Amino acid sequence: MRAASRLVLLPGSFGVAALLLGLATTPLAAAQNDSAASADFSPHDPPGEWRMQARDFAATRYSPLDQITVDNVKRLRVAWTFSDGVAYGHEGAPLVVGSMMYVVAPFPDVAYALDLSKPGSPIKWTFAPDPAPLAVGKACCDAVIRGWAYARGKLIYNLLDDHTVAVDVQSGKQVWRTKMGNVENGETMTMSPFVVGDKVFVGNSGGELGKIGWLAALDVETGKELWRAYSTGPDELVKIGADFKPYYAWMQGKDLGVTSWPANMWKTGGGAVWGWISFDPQLNLLYYGTSNPSPRVPVQRPGLNFWTSSVFARDPNTGAAKWAYSFTPHDQWDYDGVNENVLLDLRIGGRTRKVLVQFNRNAYAYTIDRETGEVLVAAPFANENWSSGFDMKSGRAIVRPDKEPKPNVKLDDVCPPDIGGKDWQPSAFSPKTGLLYAGIFNICMDVTDHRQSYIAGTPYDGMEITRQAGPGDHWGEFIAWDPATGTKVWSIKEKSMTMSGALATAGDLVFYGTVDGWFRAVNDRTGKVQWSQKLGSGINAAPMTYLGPDGRQYVAIYAGVGGAAMVAKAMPGFPPRGSTLYVFSLDGDSVASGLEMPQ
Amino acid sequence: MAAICVGFATTLSACKPHNDSTAQGASRALPAEGSLSALPLGDLAGTAKLLAVNEVVNPLADNAGAIEEGHRLFIAMNCAGCHGYDAKGNMGPNLTDAYWRYGGTPSAIYNSIYEGRPQGMPAWGRALPAKDIWEIVAYLQTLGGAVAANEYQAGMQGDHGITSTAPQAPGLLNAAAPSPPLQPP
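Following this line, the structure appears as structure tokens:
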């Protein structure tokens with residue numbers, strides 16, 4: 000079926016239309032796959048809505064809307080804009096529920112509800128949580144916010160000062176606010192909460208400041224903490240019990256979160272949970288990754304440093320770990336494992352496997368059996384030279400000794416750099432092609448390690464880095480990837496970093512942005528750019544699409560450069576900060592557009 | 000020109016005449032502990048006169064050993080982790096340019112380190128002895144952005160790198176300007 004047949008409405012009927020759309024929760028019709036790859040698009044939200052950052056539990060960022068197509072996308076024009084005036088990195092995607100849009104600006108984390116049924120999408124309410132200014136200087140990588148969640152009539156998000164807050168979407172008033180930790184010690188929160196049923200899952204930032212990482216479950220109605228699972232430490236803290244079955248022998252054993260560290264160093268060992276969460280409702284498992292170990296100077300922490308730079312599968316009800324996998328044991332280069340885990344069903348070796356796919360910072364794309372943690376495919380998607388290959392038997396990349404940093408010795412040309420072959424910017428999946436789409440990096444670094452002392456509230460970091468483009472002299476690239484075979488299908492080279500999220504739609508399009516401010520729509524099969532628009536700042540956020548109360552399909556993206564993209568700030572022509580949400584439609588039409596004095 | 004040291008002369012060994020702001024080497028004593036606490040962060044309200052404490056020079060500014068030690072401390076105390084190994088800014092501000100939110104004179108930089116600042120700069124006054132802080136200040140003074148001790152007012156008014164100055168306001172305007180002493184309401 001066409002998920003987005005256009006509604007023709009008279010002015011005045013928007014409210015009714017919104018109601019109808021809100022109720023029109025027909026499950027997604029099976030896309031016309033010509034690939035064996037598919038995904039479970041639970042919770043099957045209304046096709047025109049976008050209720051969580053990746054739209055679905057499987058983290059596909061795929062929309063069934065198809066008004067905007069390869070053929071007509073050249074008519075895409077700005078319909079309306081919204082500026083929140085905040086000069087930090089904008090990394091999240093707006094949510095659309097019914098006829099309302101919800102956005103949250105970076106620090107000081109002000110939330111806005113925008114009424115899509117009215118001309119210009121005016122502000123319905125504003126919520127200013129007033130987080131502590133101290134947080135700005137404790138956030139390693141700009142005072143960003145990576146996303147927000149909608150659940151049960153509440154907008155839920157994390158404040159940079161280490162609190163989680165829920166706001167009533169009708170009134171714009173705070174429902175609850177939970178203190179998760181002490182920002183003075185260098186713990187902040189930047190990730191997007193993730194909701195399953197009556198629980199919201201949140202994690203911390205602070206892996207650059209020696210904070211031990213954790214994921215916590217809070218009650219959606221009250222904010223009460225239900226459980227918390229740490230990334231390092233004894234099994235009890237990590238919530239490792241009898242159910243825990245890592246696939247590989249070298250990850251099996253008691254209290255590895257303690258014994259893989261020098262005495263007590265797990266307590267300041269990092270493994271922060273600042274990336275994305277996904278969920279498989281059939282297996283009833285949550286998936287998320289952990290950050291780099293602290294300090295980032297490896298010689299100070301001999302051992303495999305479990306469970307940093309890893310992925311966990313956990314029971315959402317209890318937090319109990321089912322399996323884990325360490326992408327980069329003893330991570331020596333800051334290759335966090337926090338990137339999105341896209342949950343797909345793939346034909347591999349003649350049978351269908353339930354997998355998760357992660358484009359890891361270490362430049363390998365992993366296709367992992369999400370029931371067991373077995374690596375099925377591991378292949379570099381970006382330029383790398385830290386490994387000499389991948390040992391499928393042990394599930395480990397083979398480290399090149401000459402690319403291991405040593406204190407006070409400048410080590411040239413390590414690829415990828417600290418921010419990886421791809422950072423947290425989320426990929427998208429289209430069931431129509433069976434491919435994943437991702438903005439990646441082509442960057443290398445020269446690195447000098449400096450031994451660190453732990454001083455609470457200050458960086459526990461130690462990497463002096465300069466970064467430069469890898470081969471080809473382009474910093475960015477946007478790729479289509481076949482996760483069943485581990486091969487690049489097509490790619491677009493970009494001279495600046497490609498550090499935005501991706502969006503795939505049933506209109507056979509994928510959307511992405513660049514750090515030099517270009518927003519593009521691409522044919523999902525050929526990689527041909529169909530449309531480009533230069534925006535007012537660099538793009539780090541993720542695009543999304545929705546059906547307005549007027550029945551039109553819109554595409555929205557924030558342009559506000561920041562976060563890790565600031566590593567390129569010294570490049571000539573690097574864009575200024577920005578804070579504008581751009582919303583596009585065919586011909587720029589929107590609610591009451593063309594009226595002389597829309598009210 | 001005479002030094003303006005009224006009220007501080009007895010405690011500030013480093014208080015010097017304006018024209019003599021260059022450091023005198025390691026032999027000079029450090030300013031007394033706590034003496035910089037009178038340094039205001041903002042410009043002075045009303046007609047109050049500039050406080051001499053603004054113009055305290057860094058007694059270690061020209062001491063090569065102190066500068067080297069300051070650089071070592073800049074890395075060892077994790078300053079570099081925030082401000083960058085090149086001090087050009089990252090989590091924390093750039094310390095090599097002329098933009099100083101809390102003042103760029105040696106005494107202002109000293110106070111920013113000693114007291115901390117609201118957006119995440121820790122207060123180091125209890126963790127580091129005064130000598131270490133002055134050494135860090137000495138290192139930062141070599142990076143090109145710091146404001147000279149005797150240019151406190153110029154730094155506050157944005158007079159870095161100016162190439163000309165507009166004519167003074169007419170005498171009549173100055174004469175007419177009221178200057179009542181500040182009174183409590």
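Protein sequences appear in the order of chains A and B. If you're matching positions, the first sequence starts at 0 in numbering that gives the first Met the number 0 and goes up one per residue. If you're matching positions, the second sequence starts at 0 in numbering that gives the first Met the number 0 and goes up one per residue. Backbone N, C-alpha and C fix where the C-beta goes; we use that ideal spot for every residue, glycine too. This structure is a prediction, so every number in the text was calculated from the model and none was measured.
Any beta-carbon of chain A closer than 8 Å to the one on B/A60?
No - not a single Cβ of chain A is within 8 Å of the one on B/A60.
Return the CA-CA distance between B/A28 and B/G64, expressed in angstroms with no decimal places.
The alpha-carbon atoms of B/A28 and B/G64 are separated by roughly 16 Å.
Taking a Cβ distance cut-off of 7 Å, strictly less, list which residues of the segment 81–113 of chain B are near chain A, in chain order.
Against chain A - using a Cβ distance shorter than 7 Å - the residues of the segment 81–113 of chain B are C81, Y84, M90 and G91.
Would you kindly work out how many angstroms separate the C-alpha atoms of B/P30 and B/S111, rounded to a whole number?
Cα to Cα, B/P30 sits roughly 16 Å from B/S111.
Listing by chain order, which chain A residues have their CB less than 8 Å from the CB of B/N77?
Within chain A, the residues near B/N77 are Q451, S452, I454, T457, P458, Y459 and D460.
Who pairs with A/N359 in a beta bridge, going by DSSP?
Beta-bridge pairing links A/N359 to no other residue.
Am I right that A/V195 and A/R151 are in contact with their C-beta atoms under 8 Å? What's the rounded C-beta distance?
Contact doesn't hold; Cβ gap of about 12 Å is too wide.
Quick check on A/K137 - is its C-beta less than 8 Å from some C-beta in chain B?
Closer than 8 Å: yes.
Any Cβ of chain A within less than 8 Å of the Cβ of B/G119?
Yes, contact with chain A.
So which of A/T258, A/Q529, A/V446 and A/S308 has the shortest CA-CA distance to A/V69?
Residue A/Q529 is the option with its Cα nearest to A/V69.
If I'm right that A/Y324 touches A/S309 with Cβ under 8 Å, what's the distance once you round it to whole angstroms?
About 6 Å; that satisfies the 8 Å criterion.
How about the segment 135–144 of chain B and the segment 91–101 of chain B: do they share at least three Cβ pairs that are nearer than 8 Å?
Touching, yes, given that three or more Cβ pairs across the two stretches are closer than 8 Å.
Express the C-alpha separation of B/F73 and B/I108 in angstroms, rounding to a whole number.
C-alpha separation (whole angstroms): 13 Å.
Between the alpha carbons of A/L217 and A/G256, how many angstroms are there, rounded?
For A/L217 and A/G256, the distance between alpha carbons rounds to 24 Å.
In chain B, what lies closer than 7 Å to A/L133 by C-beta?
Those within 7 Å of A/L133 in chain B are P117, Q118 and G119.
Give a yes or no on whether the minimum CB-CB distance between A/E463 and chain B is below 8 Å.
With 8 Å as the cut-off, A/E463 counts as an interface residue toward chain B.
Using the C-alpha atoms, what's the distance from A/Y247 back to A/L580?
Going by the C-alpha atoms only, they are around 45 Å apart.
If you follow the alpha helix (DSSP H) that A/P542 is part of, which residue opens it and which one closes it?
Here A/P542 belongs to no alpha helix (DSSP H), and DSSP marks it neither H nor E.
Can you give the Cα-Cα distance for A/E502 and A/E48, rounded to whole angstroms?
As written in the sequence, residue 502 of chain A is Leu, which differs from the Glu given in the question. One C-alpha to the other measures close to 14 Å.
I want to see whether chain B comes within less than 8 Å of A/S293, judged by CB atoms only; does it?
No, because no Cβ of chain B sits closer than 8 Å to the Cβ of A/S293.
Would you mind working out which of A/P261, A/D234, A/N157 and A/V554 sits nearest A/M250, comparing C-alpha positions?
The candidate whose alpha carbon is nearest that of A/M250 is A/D234.
Locate the beta strand (DSSP E) running through A/R346, then write down its first and last residues.
Where A/R346 is concerned, the enclosing beta strand (DSSP E) stretches over V341 to I347.
Which residue wins for smallest C-alpha separation from A/L546, given the options A/F40, A/R50 and A/G91?
Comparing Cα positions, the closest option is A/R50.
Please state whether the Cβ-Cβ distance between A/N304 and A/W332 is less than 8 Å.
No; because the gap between Cβ atoms is not below 8 Å, this pair is not in contact.
Which residues in chain A have a C-beta closer than 7 Å to the C-beta of B/I74? List them in chain order.
Residues of chain A passing the Cβ test: H449.
Going along the chain, which residues of its own chain have a beta-carbon closer than 6 Å to the beta-carbon of A/T125, five neighbours each way excluded?
So the qualifying residues of the chain are Y111.
For A/D588 and A/K533, what's the separation of their Cα atoms in angstroms?
Answer to the nearest angstrom: the Cα atoms are 19 Å apart.
If you drop the 5 nearest sequence neighbours on each side, which residues of the same chain put their C-beta closer than 6 Å to that of A/G240?
If we look at A/G240 and ignore the five residues flanking it on each side, its Cβ neighbours are A319.
On a Cα-Cα basis, can you pick out the residue from A/W423, A/M264 and A/D515 that is closest to A/R576?
Closest by alpha carbon: A/D515.
What's the call for A/K223, buried or exposed, on a 16-neighbour Cβ count within 10 Å?
By the 10 Å Cβ count, A/K223 comes out exposed.
Go to A/G288, then tell me how far its beta strand (DSSP E) extends in each direction, as first and last residue.
L284 to G288 is the extent of the beta strand (DSSP E) around A/G288.
Can you check DSSP and say which residues form a bridge with A/M444?
DSSP lists A/V413 and A/R466 as partners of A/M444.
Are A/G270 and A/A312 close, meaning C-beta to C-beta below 8 Å?
For A/G270 and A/A312, no; Cβs fall outside 8 Å.
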